Amino acid sequence: MPSLRDPGLPRALQRGLIVLFCLLAGALAIASGLDRASPAKPGLIRFVPEPLAAVSVRVRASSALDAHDYRSAEALARTLIRAAPVEPESTAILGSARLGLGDASGARQAFLVAGQFGWRTPITQYYWMREALAVGDYRVASLRLDAMLRQDPRLVSVRDLMDPLESSAAGRQALAQRLASQPSWLELYIGSVFDLPVAVINYRADVIERMGGLGVRLGCRGAGPIVTALVNYNQAQLAHRMWQQQCPDAGSGLLADPDFANLQVHNSFSPFDWVVISDSDVSLSLSNPESGARQLVLASSASFTRKILNQMVILSPGIYRLSWQAKTDSGQASTRIAAAASCRPDTTDWLPAMGDPASGTFTADFVVDQSCPARWIGFAIFPGSETLSLGRIGLKRLTAAR
Numbered sequence: 075m076p077s078l079r080d081p082g083l084p085r086a087l088q089r090g091l092i093v094l095f096c097l098l099a100g101a102l103a104i105a106s107g108l109d110r111a112s113p114a115k116p117g118l119i120r121f122v123p124e125p126l127a128a129v130s131v132r133v134r135a136s137s138a139l140d141a142h143d144y145r146s147a148e149a150l151a152r153t154l155i156r157a158a159p160v161e162p163e164s165t166a167i168l169g170s171a172r173l174g175l176g177d178a179s180g181a182r183q184a185f186l187v188a189g190q191f192g193w194r195t196p197i198t199q200y201y202w203m204r205e206a207l208a209v210g211d212y213r214v215a216s217l218r219l220d221a222m223l224r225q226d227p228r229l230v231s232v233r234d235l236m237d238p239l240e241s242s243a244a245g246r247q248a249l250a251q252r253l254a255s256q257p258s259w260l261e262l263y264i265g266s267v268f269d270l271p272v273a274v275i276n277y278r279a280d281v282i283e284r285m286g287g288l289g290v291r292l293g294c295r296g297a298g299p300i301v302t303a304l305v306n307y308n309q310a311q312l313a314h315r316m317w318q319q320q321c322p323d324a325g326s327g328l329l330a331d332p333d334f335a336n337l338q339v340h341n342s343f344s345p346f347d348w349v350v351i352s353d354s355d356v357s358l359s360l361s362n363p364e365s366g367a368r369q370l371v372l373a374s375s376a377s378f379t380r381k382i383l384n385q386m387v388i389l390s391p392g393i394y395r396l397s398w399q400a401k402t403d404s405g406q407a408s409t410r411i412a413a414a415a416s417c418r419p420d421t422t423d424w425l426p427a428m429g430d431p432a433s434g435t436f437t438a439d440f441v442v443d444q445s446c447p448a449r450w451i452g453f454a455i456f457p458g459s460e461t462l463s464l465g466r467i468g469l470k471r472l473t474a475a476r
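Count the sequence shown with my numbering and you get residues 75 to 476, in order.
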């Protein structure tokens, strides 16, 4: 084939062909650009020539699906298949349109083809997830859901997508197996829980417990949101069981971290940690002795009592003894620390305490009955000018309930 610079062609014809080629290339570039821009500006669609209109036709077909105009969506999908026959979205849109028209067999054929072209199209994933659920195959359904969530982890907030699996014990087991590989959507799944209904919180808690059964631990930070949400919904015992399972620092004693070894002054992970209550009138820091337990160093400029610490504990009925050490910076025992063991985190019902002036150790006994096994162990500081230290906190059971 002669080139545009072929010396055998007349010079005028060469110039004409070059101009025509440039015009054609420019037109193709403009049309392609309009096609790519049409999703953001649908009004440009009508200017795109049909052979180059893959993107714009896809936009029109998707809009028809959204408007439940399935007849138009099907026709546009056929046009799209002609323009982009190997694009998985083409046949996926055709399958969705056929579903809307009640053609289940035709939809299945379209989605079979779409699946052969690749599984990254959410419509295709969703179709096969529903098909798997219809026959009770939760393993395959969870695989399809996992694929969608890996593409867009924010979909964990779509209840129509999550409910079919989360509301079934078999579905929750399948989810636990998917989450055991720690996919990209795990963080949102376990962290975005505070606006969920209590039933969904319980579903998520069950999934996490099943993950524990598979040997997967979220850690203290990871388990914190779901544990806190359960406490907020008055399910403290379930929350505590999950905390014990998932947090390696939870410990096995009645009270967690009695020596403040893991205390985070500005960041607690759950109510079963020590929670420092911020107050502009109270300065608070941790001592770091070369030997022995850490102490909480406190100073208050307030004219009234200020709560400084809380921790939730789960106790069986019986009589218990809470102990702590409180001293001034000169080493004298201080009665300015008050303690509570209440059913409410905001209590001001301080326990009567007995003190040992020599050691600065104080004790207070309290009774737990079946009506309130979840207790908030709290400490407050009374007004005064001296800096204090608080530490060596202990909790033990004296007798069982009679």
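Note that beta-carbon positions come from the ideal geometry of N, C-alpha and C, so glycine has one too. As the structure is a prediction and not an experimental result, all values here were calculated from the model.
Starting from residue i, follow the alpha helix (DSSP H) in both directions and report where the run begins and ends.
| i | result |
| --- | --- |
| Asn306 | 293-306 |
| Arg315 | 310-320 |
| Gln256 | Gln256 -> no alpha helix (DSSP H), and no H or E assigned at all. |
| Val387 | No alpha helix (DSSP H) holds Val387; the beta strand (DSSP E) holding it covers 380-388. |
| Leu239 | 233-240 |
| Pro196 | 196-208 |
| Val230 | No alpha helix (DSSP H) contains Val230, which DSSP labels as neither H nor E. |
Alpha carbon to alpha carbon, how far is residue j from residue i? Give it in angstroms, no decimals.
| i | j | result |
| --- | --- | --- |
| Leu372 | Asp347 | 19 Å |
| Leu312 | Asp211 | 29 Å |
| Gln406 | Leu260 | 51 Å |
| Thr302 | Thr198 | 37 Å |
| Arg410 | Tyr277 | 45 Å |
| Leu329 | Leu389 | 10 Å |
| Phe456 | Asp353 | 14 Å |
| Ser404 | Thr437 | 21 Å |
| Ala157 | Ala147 | 15 Å |
| Val274 | Asp234 | 12 Å |
| Val129 | Glu161 | 11 Å |
| Gly298 | Thr402 | 34 Å |
| Asp140 | Leu229 | 18 Å |
| Ser357 | Thr461 | 9 Å |
| Ala454 | Leu288 | 42 Å |
| Gln247 | Phe185 | 27 Å |
| Val187 | Asp226 | 23 Å |
| Trp450 | Ser266 | 25 Å |
| Tyr263 | Asp323 | 22 Å |
| Ala105 | Ser137 | Low confidence applies to Ala105: its pLDDT is 38, below 50, so where it sits in the model is not reliable enough to give any reading. |
| Thr421 | Pro431 | 27 Å |
Pull the bridge partners of residue i from the DSSP assignment, please.
| i | result |
| --- | --- |
| Ser416 | Trp450 |
| Trp398 | Phe436 |
| Arg471 | Tyr394 |
| Leu464 | Leu370, Ala400 |
| Gly429 | Phe436 |
| Ala407 | Lys401 |
| Val214 | The partner list for Val214 (beta bridge, DSSP) is empty, contrary to what the question assumes. |
| Val350 | Leu383 |
| Val274 | Beta-bridge pairing links Val274 to no other residue. |
| Ile455 | Arg380, Ile411 |
| Val187 | Paired residues: none, contrary to the question. |
Please classify residue i as buried or exposed, where buried requires at least 16 other C-beta atoms within 10 Å of its C-beta.
| i | result |
| --- | --- |
| Asn384 | buried |
| Phe334 | buried |
| Ser445 | exposed |
| Cys477 | Residue 477 is absent from the model: the chain starts at 75 and stops at 476. |
| Leu253 | buried |
| Arg134 | buried |
| Ala208 | exposed |
| Gln320 | buried |
| Asp477 | The first residue shown for the chain is 75 and the last is 476, placing residue 477 beyond what the model contains. |
| Gly107 | Per-residue confidence for Gly107 stands at a pLDDT of 42, beneath the threshold of 50, marking its modelled position as unreliable; no derived number is given. |
| Met222 | buried |
| Val441 | exposed |
| Glu339 | Reading off the sequence shown, one finds Val at residue 339, where the question assumed Glu. Counting Cβ neighbours within 10 Å, Val339 comes out exposed, since fewer than 16 surround it. |
| Leu102 | Bear in mind that a pLDDT of 36 at Leu102, under 50, signals an unreliable position, so the number given afterwards is only what the model happens to contain. Label assigned to Leu102: exposed. |
| Pro332 | buried |
| Gly245 | buried |
| Pro125 | In this predicted model, Pro125 has a pLDDT of only 48, less than 50, meaning its place in the structure is not dependable; the value taken from the coordinates is given anyway. Exposed. |
| Ser408 | buried |
Let me check understanding here. Comparing Cα to Cα, which of the options lies closest to residue i?
| i | options | result |
| --- | --- | --- |
| Asn362 | Gly465, Ser352, Ile351 | Gly465 |
| Glu240 | Ala279, Asp269, Phe268, Gly265 | Ala279 |
| Ala415 | Glu460, Leu469, Thr435 | Leu469 |
| Ala178 | Arg194, Tyr201, Glu161, Arg152 | Tyr201 |
| Arg172 | Ala151, Arg156, Met285 | Ala151 |
| Leu396 | Thr402, Phe191, Ser375, Ile467 | Ile467 |
| Cys294 | Tyr307, Gly325, Ala250 | Gly325 |
| Gln251 | Ser216, Asp237, Ser258 | Ser216 |
| Gln190 | Thr165, Asn336, Asp331, Ser375 | Thr165 |
| Gly429 | Ala413, Arg315, Thr421 | Ala413 |
| Gly392 | Pro322, Ala448, Arg291, Pro426 | Ala448 |
| Trp424 | Thr379, Ile155, Arg471, Val281 | Thr379 |
Under a CB-based cut-off of 9 Å, is residue i close to chain B?
| i | result |
| --- | --- |
| Val371 | The structure shown contains no chain B; it holds only a single protein chain. |
Examine the ligand FAD and report whether any of its heavy atoms sits within less than 8 Å of the Cβ of residue i.
| i | result |
| --- | --- |
| Arg172 | Ligands displayed in this structure: none; no statement on the ligand FAD is therefore possible. |
Go to residue i, then tell me how far its beta strand (DSSP E) extends in each direction, as first and last residue.
| i | result |
| --- | --- |
| Ser170 | Unbroken run through Ser170 is the alpha helix (DSSP H), 162-174; no beta strand (DSSP E). |
| Val356 | 356-360 |
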